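Residue numbers (my numbering), protein chains in the order written: chain F, 1 to 362; chain C, 1 to 362. For every residue, glycine included, the Cβ atom is placed at its ideal position computed from N, Cα and C. Since the model is a prediction, treat every value here as computed from it, not as a measurement.
There are 2 protein chains.
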Amino acid sequence: MYESYFAVIMAGGGGTRLWPVSRQERPKQMVRLFGERTLFQISVDRLEGMFPPERIFVVTVEEQARQLRKQAPEIPEQNFILEPSPKNTASVVGLAAVALQKRDPNAVMAVLTADHYIANIERFHQLLRAAFQVAGEGFLVTLGIKPNFPSTGYGYIHTGNEIGAYQGIRVHNARGFLEKPDEQRAKELFASDSYAWNSGMFVWKVDQIIVEMARQMPHLYTGLQMISRKWNTDERAETIRKVWEGLERISIDYGVMEGAENVAVIPVSDLGWSDVGSWESLFEVLPADEHGNIIHQAEFLGLDSQNSLVYGNNDGRLIVTLGVEDLVIVDAGDALLVCRKEHSQQVREVVQLLRKQGSRLA
Amino acid sequence: MYESYFAVIMAGGGGTRLWPVSRQERPKQMVRLFGERTLFQISVDRLEGMFPPERIFVVTVEEQARQLRKQAPEIPEQNFILEPSPKNTASVVGLAAVALQKRDPNAVMAVLTADHYIANIERFHQLLRAAFQVAGEGFLVTLGIKPNFPSTGYGYIHTGNEIGAYQGIRVHNARGFLEKPDEQRAKELFASDSYAWNSGMFVWKVDQIIVEMARQMPHLYTGLQMISRKWNTDERAETIRKVWEGLERISIDYGVMEGAENVAVIPVSDLGWSDVGSWESLFEVLPADEHGNIIHQAEFLGLDSQNSLVYGNNDGRLIVTLGVEDLVIVDAGDALLVCRKEHSQQVREVVQLLRKQGSRLA
């Protein structure tokens, strides 16, 4: 049974909200955010003991494939599946499903992210094992995170009745998916105890997700069938390219999950998970000193300074703060960001402006 | 008469509050704060049309003399007077007085600063002319600045009765000198209309200031007499060195002005003067954009940012701010300061800490 469990890492994203450290040519999963290893490498490392490298697949875009292969040489080259262009997650899942179906008709796949952070790896493995069991019983399983604060940065899943438990991990029906809420709504969701953050990680049988696509996304399904027929021929790449041209950009949440039946959610509270979706989110992930300051890769001297992030690039420059709080300072060498913590999400607007200006720093 | 008017620029100071741009080996007067010319050069330029270079004297310390000479080659070399070590302004004035007395027994001297800013140079010249006239009548004249906000960063002069006017410039008795006040006291002084900021600039007859020193600072006076006797011998430098060892560090305000009679003050309101004594003071001096931001020597992109100073070093680095206000960002290349505007004075503590640590950046 276990040998039909596969991991699929979606590694094609851009990610603009960690600018100036992430860039167009150095997307978030390629960033060494915490030191030596990139977020992609950390995402692969995290699977050790759960999946052998032969059962780890990576879906990415051509521009990133070479570097990702170099970063994870233990993963067989043919396990890197290339999208001609990024079309959001529904097509990624579809393409991976086709690849896995060719490899093992009984495949059960965990759809995982390349640029998130998980502190508690043991717990992550327990959660995956439970999810594979539930998926084996015919559920589309989403991994939820019990909120520990009223985040406006995450989507939410409405959890329904408990439908079972696996080694103490409770499984619920999923009632629906919610977009990122505003502040007021986030507080309500946080208070109600019936909502989990949507981690963007899923587990399901490959044949079952393909059936759902046939039902809900017939255009994508038809394309995938064309690709499947040419999979073991030298027309595979050409066929993918043609199919991809006509695809709509849509997420798996919208395209499939919202309209699917038999959706289960497993909400866990102690995973130490973060999507590292903004500089502010680093406060969930990196340890702070006694003043609440997070100092990373920087020579730092702070007077009357608190609850601030100082993120350097190990270049020996001294960064001094005086009387600041709730501030984010990111020094990427050629660009410096100074940002109020609660404005972290707006970094995306900075990148859009820079791209519009044709800046080499975007 | 005019040929007995001399300018003495005091250029020996250190100045730690413009760190990281000013340093131990690049004191404030050596800083190109506004572009091409250093504050010292700007202080010399300001005298053009008022004093020919032969009547401009500079008192400085040995470490700085070579650079200052290079920066003002038009001033004759022998007009640079060297202190063996800085002993505050009373001894500077005393030494300059001796030098001027040798040059011209009728000398009247304007004691000027090397590291302040004056926007309205024409007004400055009018003020000096009036001050020379008043000094010629036997007054020790201090140049006062009518406050335009309740500053806690300046000392104050209590102005008394009007004793005359020269071309519309009113002259008052000075009743007393006040230290930098706290916020409450500064508001009272600002409201009362009888107080002027102490600019640290003075005008007086050389023989008169020497008589005051003989009366109030006999130890300094005795030393100055020894130096005077050796002035035109090859023992001059050696004598200055010996005298300087025993001198007390004391300002001319404390040492002479507070106890002097016949002190006059000329308070002016439209000089555009600033002592440039902190990063915050640059808001009095440099023009701000429509958001109240001052951007100097920096590639800058600001979103929702206001009333902030971004001071770069023309190195092409992009500085982006997001959601900040009342912030000071100074990028000196090897060191970066991010400081709440109202904490500007505390920069001095940063420098003290760095010196204690033996940092090469102090």
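Contact criterion: CB-CB distance below 8 Å. Does GLN346 of chain F meet it with respect to chain C? Yes, GLN346 of chain F lies at the interface with chain C (some Cβ there is under 8 Å from its Cβ).
List the residues of chain F whose Cβ lies closer than 7 Å to the Cβ of ASP193 of chain C, in chain order. What ASP193 of chain C touches in chain F: nothing, since even the nearest Cβ is about 33 Å away.
Does the region 260-270 of chain F come close enough to the region 139-147 of chain F that 3 or more CB-CB pairs lie under 8 Å? As far as the Cβ criterion goes, the region 139-147 of chain F touches the region 260-270 of chain F, which means the pair count is three or higher.
Let me check understanding here. Comparing Cα to Cα, which of C:ALA7, C:GLN167, C:VAL61 lies closest to LEU100 of chain C? Relative to the Cα of LEU100 of chain C, the nearest Cα in the group C:ALA7, C:GLN167, C:VAL61 belongs to C:ALA7.
Just to confirm, are TYR154 of chain C and TRP197 of chain C a CB contact at a threshold of 8 Å? Yes, they are a contact pair.
Cβ of GLY358 of chain C less than 8 Å from any chain F Cβ? No, GLY358 of chain C does not count as interfacial toward chain F.
For THR113 of chain C and ASP326 of chain F, I'd like the C-alpha separation in whole angstroms. The straight-line gap from Cα to Cα measures roughly 40 Å.
Is VAL338 of chain F close to chain C, meaning its C-beta is less than 8 Å from at least one C-beta of that chain? Yes - at least one Cβ of chain C is within 8 Å of the one on VAL338 of chain F.
Going by alpha carbons, who is nearest to GLN64 of chain C out of C:TYR5, C:GLY168, C:GLN24? Taking only the C-alpha atoms, the option nearest GLN64 of chain C is C:GLN24.
Taking the alpha carbon of ALA131 of chain F as the reference point, which residue from F:SER151, F:ASP334, F:GLY168, F:GLY13 has its own alpha carbon closest? Measuring from the Cα of ALA131 of chain F, the nearest candidate turns out to be F:GLY168.
Taking the runs of the alpha helix (DSSP H) that are 4 residues or longer, which of them lie wholly in the region 171-208 of chain F? DSSP runs (the alpha helix (DSSP H)) wholly in the region 171-208 of chain F: 183-192.
Hey, could you find the ends of the alpha helix (DSSP H) PHE40 of chain C is sitting in? Here the alpha helix (DSSP H) through PHE40 of chain C covers 39-45.
Run down chain F in chain order and give the residues with a C-beta less than 8 Å from the C-beta of ASP331 of chain C. Near ASP331 of chain C (Cβ distances below 8 Å), the residues of chain F are LEU336.
Per the DSSP calculation, ALA335 of chain F is bridged to which residue(s)? ALA335 of chain F pairs with C:LEU318.
Can you name, in chain order, every residue of its own chain whose Cβ lies under 8 Å from the Cβ of ASP289 of chain F, other than the five neighbours on each side? Same-chain partners within the cutoff: ILE295.
Using the beta-carbon of each residue, which ones in chain C are nearer than 8 Å to LEU309 of chain F? Listed by position along chain C, the residues whose Cβ is nearer than 8 Å to that of LEU309 of chain F form an empty set, because the closest Cβ is around 12 Å away.
Interface residues of chain F facing LEU301 of chain C [CB-CB closer than 8 Å]: Those are VAL350, LEU353, LEU354, listed as they occur along chain F.
Compare the C-beta of ILE294 of chain C with all C-beta atoms of chain F and state if any pair is closer than 8 Å. Judged by the 8 Å Cβ criterion, ILE294 of chain C is not in contact with chain F.
Under the three-state reduction of DSSP, which class applies to GLU299 of chain F: helix, strand or coil? Reduced to three states, the DSSP call for GLU299 of chain F is strand.
Tell me whether GLY223 of chain C is buried or exposed, calling it buried when 16 or more other Cβ atoms sit within 10 Å of its Cβ. Per the 10 Å Cβ criterion, buried.
Run through DSSP, which three-state label would ILE210 of chain F get? In this structure, ILE210 of chain F counts as helix in the three-state DSSP scheme.
Can you give me, in chain order, the residues of the region 314-325 of chain C that have a beta carbon less than 7 Å from any beta carbon in chain F? For the region 314-325 of chain C, which is checked against every Cβ of chain F, the residues closer than 7 Å are ARG317, LEU318, ILE319, VAL320, THR321, LEU322, GLY323, VAL324.
Between the region 97-117 of chain F and chain C, which residues of the former have a C-beta closer than 9 Å to a C-beta of the latter? When CB distances to chain C are screened at a threshold of 9 Å, not a single residue of the region 97-117 of chain F falls below it.
When the Cα of MET257 of chain F is compared with those of F:GLU299, F:GLU212, F:GLU3, which residue comes out closest? Ranking the options by Cα distance to MET257 of chain F, first place goes to F:GLU212.
Give a yes or no on whether 8 Å exceeds the smallest Cβ distance from ASP182 of chain F to chain C. No, its Cβ sits nowhere closer than 8 Å to a Cβ of chain C.
8 Å Cβ cutoff met for GLY164 of chain F and VAL92 of chain F: Contact: no.
Given a cut-off of 8 Å on the beta-carbon distance, is the pair VAL363 of chain C and VAL324 of chain F in contact? With chain C covering only 1 through 362, there is no way to say anything about residue 363 of chain C.
Rounded C-beta distance between LYS205 of chain C and VAL108 of chain C? I'm assuming under 8 Å. Contact between LYS205 of chain C and VAL108 of chain C holds, with the beta-carbon distance rounding to 5 Å and staying under 8 Å.
Using a Cβ-Cβ cutoff of less than 6 Å, which residues in the same chain neighbour GLY292 of chain C once the five nearest sequence positions on both sides are dropped? Around GLY292 of chain C: GLN306, ASN307.
Going by DSSP, name the residue or residues bridged to GLN306 of chain F. When DSSP reads this structure, GLN306 of chain F sits in a beta bridge with F:GLU325.
Residues near GLU74 of chain C in its chain [Cβ-Cβ closer than 6 Å; skip 5 each side]: Result list for GLU74 of chain C: PRO53, in chain order.
Give the residues from the region 258-276 of chain C that approach chain F closer than 8 Å (Cβ to any Cβ), ordered along the chain. Taking 8 Å as the Cβ-Cβ cut-off against chain F, none of the residues of the region 258-276 of chain C qualify.
Taking the alpha carbon of LEU95 of chain C as the point to measure from, which residue in C:LEU220, C:LYS341, C:TRP19 has its own alpha carbon closest? The residue among C:LEU220, C:LYS341, C:TRP19 with its C-alpha nearest the C-alpha of LEU95 of chain C is C:LEU220.
Residues that LEU361 of chain F contacts on chain C, provided the C-beta gap is smaller than 8 Å: The answer, in chain order, is LEU318.
Between which two residues does the alpha helix (DSSP H) carrying LEU353 of chain C extend? Secondary structure note for LEU353 of chain C: its alpha helix (DSSP H) is the uninterrupted segment 347-356.
My output table needs one value for TYR254 of chain C: the three-state DSSP class, helix, strand or coil. Helix at TYR254 of chain C.
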